[in-house]
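Notes follow once the structure below has been shown.
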Amino acid sequence: MEQKELRGLEDRCIQEYAPPCTAACPIHVDVRGMMGEMSRGDPEAALKIVRKTLPFPGIIGRICEQPCRAVCNRKNAGGSLAVAALERACADLGAHQPEKKLPMPRKNRKVAVVGGGLGGLTAALDLAKKGYPVVLFEARDRLGGRLWDVPEEILPRSVITAELNVVAQAGVELRLKTPLGTGLSLADLRTEFEAVYLSLRIEGHKPDGPGSSDGERAPVDPATMATGQPGVFATPLREGSYSPILAISDARRAAVSIDRYLQKVSMTAARQNEGPYVTRLYTNTAGIAPLGMIPMADGRAGYSLDEAVQEARRCLQCQCLECVKVCAYLEHYGSYPKKYVREIYNNLSIVMGHRQANQFINSCSLCSLCREVCPEDLDMGAVCRQARRTMVDQGRMPASTHEFALRDMQFSNSEEFALGRHPPGTTASEYVFFPGCQLSASAPGQVERVYAQLREALGVPVGLMLRCCGAPAEWAGRMDLFQIALADFRRAHQALGSPRVILACSTCYRMFQTYLPEIEGVSLWVLLDRQGLPARATLSDQKGIVSIHDPCTTRGEQSIQDSVRRILARLGYQIEELPLSREKTECCGYGGLMWLANRPLAKGVVQRRIAESPLDYVTYCAMCRDLFVAQGKRSLHLLDLLLEADPESRSMRPGPGYSQRHENRARLKRKLLKEVWGEEMPKLQEYGKITLNIPAEVQSRLEERLILVEDIQQVIAHAESTGKKLVNPQTGHFLAYHRPGNVTYWVEYSPAPKGHGFAIHNAYSHRMLIEESKKL
Amino acid sequence: MTETIDQTQRSNWRCAACGIALQPGKVTVSYLDNAYPVELLRCPRCGLTWVPEEIALGKMAEVEKALEDK
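Residue numbers (my numbering), protein chains in the order written: chain Y, 101 to 876; chain V, 9 to 78.
The following block contains the structure:
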């Protein structure tokens, strides 16, 4: 991933953008943060947040015109938050400890501020905080300017006096009764000070430039407040009525300019979001219950603490997190895509050290639901997919993560399972049925019956291809192995004369659509919908209500999803859609090999999905069905409904274990070859003849540890032929190890009575290599 | 997990071929171009080594993961 690409991806995650209130506020008060603290009953912490941007919260909290409220996301759900009233509550209720002064290095370049209204005071305060010696000139005998025009019942005099005190406390030198013009010219100021800010927006003055006192008018740059004269800054003339918050905003902008001017840095760089703007942050407000504004018991006294807390709790704490809300994986890692893409970038970039995001990258199901719900179409699935390929290219993909799945694929594409045949007695195929590896593993009998049904119903020659589409390699980022799988498929398909491919698995469908677009594929479900259902399927009006789980690889395949619904309706089922279905469907936890990279997370994904409805689920992916049932959810494959006399009885059928999946595929091939084509298939591996007796409890341990029967058979074959084994004289058990590939398997076993195979007591594995030597 | 091989059985494993008890010895284990000397029980005659389940699934698995993420 290039830096530029990273930036592009980061920019598409909008989670860190300001909430609308803060963006609309000319000085960007962190309203959400303030609400958060206040809702927790901590006005002191809330005040601290407000003070970071707002110098006079007690005053502004009483007179602000609140542009924030016009854009508040609570607006249509009970009314915008009472932002100013809560700012005032912060000032009134927060402990009035003076702000802690950061020891800024004292600078020696002096600044003059002319005008002691809100603007002048803000600029003086900001510059004093930055360490500049500031002298403030005010024509009248008191600070505050037009604040004194606000009626006392709205803005008590004591509040003005108390809050404006902070300016003197910050070290600003005040020169009252010193108007510009009589005895104090701009020229004088420019001689004594290195920068001057004219904050003269009071009646009787031309407010738009230093020329005002000289009878000239000079324009003020509204972005920087700079005038034509170097070092002189001024408040521009603004249309409309006076706005206290805009006055503060203009002055702050001038203070930033003065600081930049004195530091001799760019006046214009990176200032685009000063002043009010429209945020890119999206906040979903669907389903938010209306809640009206909390009234004040005493309007003049403002909110009591209790009232303020109640009001602040109405704040929606606006944020996006659309993807995180629907994805257990994105939620699990506790952050959001902007952070995640940075972590992935770092993970791919580091040369030495611990790669912390490996598991994160490998845990994504690659289902791209995130892109579906993202207002900016950011696709973490695509990012993770690409990252895995990079890791493989760099030689940094942890070998253990995907090896099991890749071995499974290798098995499916070996002589044990792979098969391509025209229908018996023919030499050409119009169609070829491609059931895929997992349906063949989970329900081999159904594959047989569907194949028979297709040959009967379509009226044209239908061949058969058994193998794996290569998806595990694609998911693992192993494009080398994936290309081999595709090439092998293509060869086998061409050998059959390139017939149309009937696909039962939506993952195969997706893979071929994406990587072999020249192949004409048709979903089994679309075909059945079009051609009619198997005769065995019982049609009736009333079979109850089910929910459909669309496999995640049907996202964007609306015709398949529609066909499945029509088939269900014809079978007599009513459908209650899950909250997330069709283009927003979720992964079952197997996609992208999440199941192998992060088992606990994948189980959580299953748990979450199956809890979405108490109804039985119907799906059309064998893997989804098996995983749901394994976690206790009554689930049916669409083929159960189409082919089985008593589908209900299948709803809790446990899916086969890993070894059984191999066995089922191999047996399916053997059986079809024998029954359909009249061919015998030899047992391929000698060790495969070793019979094992594995107690259920050991069996489930083997599943958990990803140890296959064939692994155990190989250990025993090795131990028995070489004599290399340990023995426990007390139990008579043997313990032996063997390393057929990258994993060392240990098996504790004993010969079964009467010489019939072996009883298996335990097995475990490690990847570390024991370097044997006879030397001790 | 360790019900079949526990501490009491530890000393009970013997080399089946040589018919003698295992003894502690230095063995090199390696993964991803990293080699470590460890002490494991092994046959003093033929060198057949025993990696107990708790070491395979504990320390070894930890080191494997750390090396894979390095």
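We put the beta carbon where it would ideally sit given N, CA and C, even for glycine. Small disclaimer: the values here were computed from a predicted structure and weren't measured.
- Between Y/L696 and Y/H502 the beta-carbon gap is near 6 Å, inside 8 Å, which marks them as a contact.
- Setting aside the 5 residues that flank it on each side, Y/I444 is surrounded in the same chain by M101, A457, F460, I461, V483, C484, A487, each with a C-beta closer than 8 Å to its C-beta; the list follows chain order.
- In the DSSP assignment, the residues bridged to V/R22 are Y/V827, V/A29.
- Listed along chain V is no residue with a C-beta nearer than 9 Å to that of Y/Y433; the closest approach is about 16 Å.
- An exposed status is given to Y/L784, since fewer than 16 other beta-carbon atoms sit within 10 Å of its beta-carbon.
- Sequence-ordered contacts of the region 483 to 506 of chain Y with chain V read P498, A499, S500 [C-beta pairs closer than 7 Å].
- Contact note: V/D77 reaches chain Y through H454, R455, N458, P498, using a C-beta cutoff of 7 Å and chain order.
- Put simply, the CB of Y/Y849 is far from chain V, with every gap to its CB atoms at 7 Å or more.
- Look at the region 147 to 184 of chain Y and you find these whole runs of alpha helix (DSSP H), each 4 residues long or longer: 157 to 163, 167 to 170.
- In the structure shown, Y/G520 adopts extended strand secondary structure according to DSSP, grouped into three states.
- Residues of chain V whose Cβ lies closer than 8 Å to the Cβ of Y/H762 do not exist; the shortest such Cβ separation is about 24 Å.
- Using a Cβ-Cβ cut-off of 8 Å, Y/P829 is close to N20, R22 of chain V, given in chain order.
- Counting other Cβ atoms within 10 Å of its Cβ, Y/T261 stays below 16 and is therefore classed as exposed.
- Contacts with chain V at 7 Å (Cβ-Cβ) include Y/E871.
- Judged by pairs of C-beta atoms under 8 Å, the region 281 to 293 of chain Y does not touch the region 241 to 250 of chain Y, as fewer than three such pairs exist.
- Neighbours of V/E72 in chain Y, taken as residues whose beta carbon is under 8 Å from its own, are S500, H866, R867, M868 in chain order.
- Y/G217 and Y/R338 have their C-alpha atoms roughly 16 Å apart.
- Shown here for Y/G392: same chain residues with a beta carbon closer than 8 Å to its own, the five before and five after excluded, namely G178, G179 in chain order.
- Per DSSP, reduced to three states, the secondary structure at Y/E810 is helical.
- Only residues of its own chain outside the window of five on either side were considered, and among them I648, I675 have a CB closer than 8 Å to the CB of Y/R665, listed in chain order.
- Between the region 375 to 385 of chain Y and the region 145 to 159 of chain Y there are fewer than three inter-stretch CB-CB distances shorter than 8 Å, so the stretches are not counted as touching.
- V/V46 and Y/H432 have their alpha carbons spaced roughly 37 Å apart.
- In the structure shown, Y/G563 adopts extended strand secondary structure according to DSSP, grouped into three states.
- In this structure, Y/D650 sits away from Y/T614, with a CB-CB distance that is not shorter than 7 Å.
- Residue-level contact by beta carbon holds for V/A64 and chain Y, with a gap shorter than 7 Å.
- If you ignore the 5 residues before and after Y/R353, its C-beta comes within less than 6 Å of the C-beta of M325, E374, all in its own chain and listed in chain order.
- In this structure, Y/L564 sits away from Y/R591, with a CB-CB distance that is not shorter than 7 Å.
- Shown here, Y/K769 sits in a helix according to DSSP, grouped into three states.
- For Y/S258, the uninterrupted alpha helix (DSSP H) run begins and ends at 257 to 269, by DSSP.
- A Cβ of chain V is located within less than 7 Å of the beta carbon of Y/G823.
- Annotation: Y/F333 has no Cβ neighbours in chain V at a cutoff of 8 Å; minimum Cβ distance is about 54 Å.
- Residue nearest to Y/E810 within the set Y/E763, Y/E820, Y/L773, Y/R801 is Y/E763 (criterion: CA-CA distance).
- Neighbours of V/E61 in chain Y, taken as residues whose beta carbon is under 8 Å from its own, are W846, N862, Y864 in chain order.
- The beta carbons of Y/L596 and Y/S529 sit closer together than 7 Å.
- Counting only runs of at least 3 residues, the region 710 to 741 of chain Y fully encloses the following beta strand (DSSP E) elements, listed from N- to C-terminal order: 717 to 719, 735 to 737.
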